[in-house]
Amino acid sequence: MKFAVCVFPGSNCDYDTYYVIRDLLEKKVDFVYYNQKDLSSYDCVVLPGGFSFGDYLRPGALAARTPLAQAIVDFALKGKLVLGICNGFQILTELELLPGALLPNSSLKFICRDVYLKVENANTPLTKKLEEGEILRIPIAHHDGRYYVPQETLKEMEERNQILFRYTDEKGITSELANPNGSVAHIAGVMNKDKNVFGMMPHPERASEDILGSHDGLMLWYSLISE
Amino acid sequence: MGGSWKLHGLTKEEYDKIVNFLKREPTEVELGILGALWSEHCSYKSSKKLLKKLPSSAEWVVQGPGENAGVVEIDDKVWIAFKIESHNHPSFIEPFHGAATGVGGIIRDILSMGARPVALADSLRFADPREVLSKSLLKGVVAGISFYGNSVGIPTVAGETVFEECYKTNPLVNAFCLGIMPAGRIYKARATRADQILILIGSATGRDGIQGAVMASEELGDNAEEKKPTVQIGDPFFGKKLIEAVLEVVEKNLVIGIQDLGAAGLAGAVSEIASKSKLGAEIYLEKVPLREKDMTPYEILLSESQERMLLVIEDENLKSVEEIATKYHLSCAVVGKTIERNRLRVLYREKPVADLPVSLIVEEAPIYTRPVEEPSYLEKLNSFDQESLPMPDLSEALRKILSSPNISSKSWIYSQYDYQVGTNTVIKPGGDAAVIRLKWVVKPEVKTEKAVAISSEGNGRMVLLNPYEGGKYVVAEACRNVACVGAKPLAITDCLNFGNPERPDIMWQLTKTIEGMAKACDILSVPVVSGNVSLYNETVEGEHLRNIYPTPVVVCVGVLEDIRRCVNIYYRGTADLLLIGDISRASNVGGSEYLKVIHGKVAGNVPKVNLQKEKKLIEALTELIKKDMILSAHDISMGGLLVNVLESLFPTKLGAELEIYSDERADFFLFAEMPTRVVISVDPSKSEEIRDFLEERDLEWMYIGKVVPQRVFKVSYNGRDLLEENLENLKEVWEKSLEEIL
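Chains as they are written, first to last, in our numbering: chain R, 871 to 1097; chain X, 758 to 1499.
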């Protein structure tokens, strides 16, 4: 299995993601740049976190208009795996590969801390190594992470099991206090209808080694590479 | 030119020196260059002689002071570069961009050494955050650091924030950056011969920040608002692209020397390279890419526009460097070349606008031995007798101290910083020191089992009460903090924030502080490898003069042999608690938060650091942690012993029962901020072994109680119950107090 890690000017979790894939998963991985158009040799494309194009205009808006973004759309339409983390998630919603949008946090401040996530759907390529209802501790670090979709879309997404993760407390209970950014229905991660495009605000690459305080993110990577 | 020197921050005597040297009147552009380069900020004219007192060498020091950053060897594979710098004046005038460009500037200092910047820290000082001005300064500064550091993708892992009235109109914003490089690969601001070309890469040049260095070398008055145009504007997106581009140029071996553009802009950078290379340089101002129309030669030369670097390269590499710049959408232009003659020749459309000997700009910059006089305030403050203090209600006092902005949790601040990007942050903010893994995957690939610990300290109150002892206190505490996570202190970088050096009492403070620091550095074997001096931190408001406390901010960097062997301040389970170090001496509440918050006094004597004991304590801690013998360590600092234990308890699910036996007054023992004291938690089965270990090393220990599984906090003193508190309640006071103010 071969990965591509997308690099837009201003991406800054590109190296961290690359490290997890190359050194921890021991899989093949290349950086692909914003002006590249060919993704045909890859099985999975990861859009890492950061501030692509400085987040100017709107997070993800400019990255979504690059040649690479168009290649990602074509790649996703072929049913191949696409994962967007943080800024990558914002880009995927800008591309409308995922429903909804990510608005400024309700505190209007950047938030960096560990959060607890409950796995809502364990029957996807990103979560199949996990159990439904399992609680993960993974860090967030964002200014614009408040997930929003209109109520009717939310209902459809819930019916189709498109919600991957919700913010909870360590016991798995949702509350205003446990929702760090004001996301609708406490949503931290979603997927598309076809179950091949995934977006999440928390950073699994930052929770993939015990030495960094948590390895709860590792199972997401293992899920992706398991046949 | 009658009086025009004043506009450039020069004195009449300095101006006369220039005229004598040149045997003619300088042009306006020349005066601009000299005004900037002879400013206190660039030339260190008041402090240069004193700074020589600080030890700066050791076997492991690759590069001491004098370059863009100090460099220290970690092992035969990895070196680290680090430095701290002030951005105090700009942050008062425009807090958001002042702080943001402080971060951007220190990053480029590290980048200039050819290193990959991997960690940031910020040391901040404001007045009481309940005051409107201080609150808005704090919010602006934190937002600026968050804006720049997060976007540029370098984690902000350490720092401190202190509140004291003296910083009301002179807030301190000191930014630190650490970078990693493969051993043996160091870059400097150098050319190797004449006819090497000078490339300006990064952002285009605008009118921002002109005369910034002069502004930073003056006291602030009622006209601070008018000085806004002297503050630079930061763009972290360009900063990020510049980092990647410069490291690519370095990785491909296309560059000879690197210098960032900071104070005094292009004039400063070119003079630096010419002077250090013992060459001269020509600059062609019309070649500089501009973002504003009709800029004058003066403005182009002295603009402090951010996100720019000067590269010295061979002609044959020009095309490759241009390609890299294009890849990152950066402007890139040949703006000059080195020449044999020792002159800085600045041309605009082929007409010379400045022609000065480089030696006049750099080596001939004035150096002053300013008069010193012991300040009169000392006698009064030092004569304070702590025995005269009334005994407060201890439970109430504890709550009040926990709610003080100085003690209250700073998570409101650091949770706005991305402290994890880079996936190297092993010990996160909130403890005694941050621990950073030394790993990078490409550009440059770096890997080692070792890690570094970073801690910043700068207790201005202690330095005010006794600059010499305070200087020792600050260095010792920074080193002790690093040892508390298990690292061996390697070296320090310092930022000396003081008032107006033209006042003899301020000069006395500076002199004594440096002497105290030098003594501590010497005994503790931590050379000073880089740093910065920020003077003129005073405000004149009509008749009233406000000076800051003398505030040396010291960042200690230590090395951990094995990244898996480090401890945090947090208790990990039931354990015995031992207070270790220098503990038999009388506790002295001089300069403590207790004295300030409970009794309303900043007075007393500074507890003197016994440096020999400190050295032994540091060595013992490092060894105990390396051998995996202790569960946690946390040094006594602001707030004293009770605050120390509570900080180690709050984020856990544990409690503590303290049993203290002492013939001192309880408030002194529990709240004094005595140096060389650390609380360790140990597995009870290892308690005896550890006590023997300490006794062999001539260190004192005292059993002070235990960590228990129940969420309780009880203190008995000489067998009598002294305190029994609701721990969750105390935690809330500590967690929420600062946040609620903001």
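For each residue, glycine too, the CB sits at the ideal point set by N, CA and C.
The region 874–885 of chain X and the region 1192–1211 of chain X touch, with three or more beta-carbon pairs separated by less than 8 Å.
Take L932 of chain R, set aside five residues on each side of it, and the residues of its chain with a beta-carbon closer than 6 Å to its own are F923, in chain order. Per the DSSP secondary-structure output, Y1037 of chain R pairs in a beta bridge with R:L987. Taking a 10 Å sphere around the C-beta of G1015 of chain R, we find 16 or more other C-beta atoms and assign the residue as buried. Assigned with DSSP and collapsed to three states, E1121 of chain X falls in coil, not helix or strand. Residue-level contact check: V1183 of chain X touches chain R, since one or more beta carbons of chain R fall below 8 Å from its beta carbon. Between Y1306 of chain X and E888 of chain X, the C-beta gap is not smaller than 8 Å, which leaves the two residues out of contact. Within chain X, no C-beta atom comes nearer than 9 Å to that of P1074 of chain R; the closest sits roughly 11 Å away.
Along the region 964–991 of chain R, going in chain order, the ones with a CB nearer than 8 Å to a CB of chain X are K979, F980, I981, C982 and R983. Residues of the region 1314–1330 of chain X that bring their beta carbon within less than 8 Å of a beta carbon in chain R comprise I1320 and R1321, in sequence order. Runs of the alpha helix (DSSP H) lying entirely within the region 1055–1104 of chain X, each at least 4 residues long, are 1075–1084 in chain order. For I1337 of chain X, the three-state secondary structure derived from DSSP is strand. For the pair of segments examined, the region 1401–1418 of chain X was found not to touch the region 1341–1353 of chain X: the number of CB pairs separated by less than 8 Å stays below three. Looking at the backbone, the Cα of N1062 of chain R and that of G970 of chain R are separated by about 11 Å.
Each residue's CA atom was taken as its position, placing D1017 of chain X and R781 of chain X some 32 Å apart.
The region 946–996 of chain R is shown to contain whole alpha helix (DSSP H) runs of 4 or more residues at 957–964, in chain order.
Counting the other Cβ atoms within 10 Å of the Cβ of Q1369 of chain X gives fewer than 16, which makes it exposed. Secondary structure note for C1241 of chain X: its alpha helix (DSSP H) is the uninterrupted segment P1224 to C1241. Our two residues, D1072 of chain X and I956 of chain X, have alpha carbons roughly 10 Å apart in a direct line. DSSP places P1261 of chain X in the uninterrupted alpha helix (DSSP H) bounded by P1261 to L1281. DSSP links K840 of chain X through a beta bridge to X:C934. E1414 of chain X sits in a strand when the DSSP states are folded into three classes.
For G880 of chain R, the neighbours in chain X by C-beta distance under 8 Å run, in chain order, S908, F994, K997 and K998. Under the rule that a run must span 4 or more residues, the alpha helix (DSSP H) segments found entirely inside the region 884–943 of chain R read 884–889. Around the C-beta of T768 of chain X, fewer than 16 other C-beta atoms lie within 10 Å, and the residue is accordingly described as exposed. Residues of the same chain with a CB within less than 7 Å of the CB of Y772 of chain X, apart from the 5 flanking positions on each side, are W762 in chain order. Distance from the Cα of D1039 of chain R is smallest, within the candidate group R:E964, R:L917, R:K998 and R:R1007, for R:R1007.
The beta carbon of Q1143 of chain X sits no closer than 8 Å to any beta carbon of chain R. According to the DSSP assignment, I1081 of chain R belongs to no beta strand (DSSP E), since it is labelled neither H nor E. The beta carbon of L1253 of chain X sits closer than 6 Å to those of V1290 and P1309, all from its chain and outside the five residues before and after it, given in chain order.
Between A1210 of chain X and L1135 of chain X, the CB-CB gap reaches or exceeds 8 Å. Chain X places no beta carbon closer than 8 Å to that of Y1037 of chain R, leaving this residue out of the contacts.
DSSP lists X:G936 as the beta-bridge partner residues of P874 of chain X. Contacts between V1198 of chain X and chain R, judged by CB atoms closer than 9 Å, involve Y885, D886, Y888, Y889, R892 and D893 in chain order. The DSSP-derived three-state label of D832 of chain X is coil. With a beta-carbon spacing of about 5 Å, A961 of chain X and S1088 of chain X fall inside the 8 Å limit used to define contacts.
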